[in-house]
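The structure appears below as C-alpha cells.
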Amino acid sequence: LIETDPARASQMQKNLIALLRASMPTMREASDGGVRNLGREIDVVRPYVEILKVRMEERLTSEIDVPEGLLSAEFPPMMVQTLVENAIRHGLEPKPEGGQLKLKAEVVHGRLVVSVTDTGVGLSAGSGDLTGKPTGTGVGLANIRERLTLLYGTRASLNVADNPGGGTRVTITVPYRPVEGTHA
37 LIETDPARAS QMQKNLIALL RASMPTMREA SDGGVRNLGR EIDVVRPYVE
87 ILKVRMEERL TSEIDVPEGL LSAEFPPMMV QTLVENAIRH GLEPKPEGGQ
137 LKLKAEVVHG RLVVSVTDTG VGLSAGSGDL TGKPTGTGVG LANIRERLTL
187 LYGTRASLNV ADNPGGGTRV TITVPYRPVE GTHA
C-alpha cells in the first residue's frame, strides 16, 4: 500500500495507531474484570472497521449509530470489538459481494441495548468458510455470555438471531447506568 497508494497507507497507519491506543487500556480493563464506558469501546471499533474497509474496499460499508448521550454508559470492555470481528469474519468476508455492518446503541425500558448487525451470509452459512469448512469455535460468544453472567447475573443477556434483511444480528443487553466521572 505504501508503494501503490501512499495516501491510503498514511490513513491506514493513523487508524492502526488509533486502534492500538484505544485497545491497550481496554485489554488491561478486560483482564481486571471491570467495566468502562461505551464511548471507549466505540473508540476501539471505529479504527478497526476503517482498517478492514481498506482491506475489503467496496465490499464493506458501515454505520455506527450511538447517540452521544450513551457514550458515557457503563459497558464491559472488548465485547463490542468481539461482535464486530465476528460479523466481519464469519458474515461479511465469506460473502463475495460483502455487505453492511451496523452498530447501534439505545436505551429500551431502562436497559442499554447494543446490537451489531451484518448483511452477510447468515447464521446457517456463517459457520463455515467458502468451502464449507468451519471457521469459528464459538469461543468469543461463549466468553461474552460468561462475562455478562459474572458481571450482571440474570440482568444481562446476549441474543444471536437472523437479521430480517439477511445476515445476523447479535444483541447485548445490560442495565443502563452512566460511568461516574467519565466523559467520552
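With our numbering applied, the sequence shown covers 37 to 220.
Glycine included, C-beta positions come from ideal geometry on N, C-alpha and C.
Quantities reported herein were computed from a predicted structural model and do not represent experimental measurements.
DSSP places residue 121 inside the alpha helix (DSSP H), whose first and last residues are 115-122.
Put simply, of 205, 200, 201 the residue whose alpha carbon is nearest the alpha carbon of residue 194 is 205. The count of Cβ pairs closer than 8 Å, one atom from the segment 121-137 and one from the segment 85-99, reaches three, so the stretches are in contact.
Closest by C-alpha distance to residue 88, out of 117, 72, 103, is 117. For residue 79, the uninterrupted alpha helix (DSSP H) segment begins and ends at 74-92. Taking the Cα of residue 183 as reference, the smallest distance to any Cα among 111, 40, 81, 75 is reached at 111. DSSP, read as helix, strand or coil, puts residue 131 in coil.
Non-local beta-carbon contacts of residue 148 in its own chain, meaning distances under 6 Å to residues more than five positions away in sequence, involve 109, 210, 212 in chain order.
Sorting 50, 120, 49, 48 by C-alpha distance to the C-alpha of residue 77 places 120 at the top.
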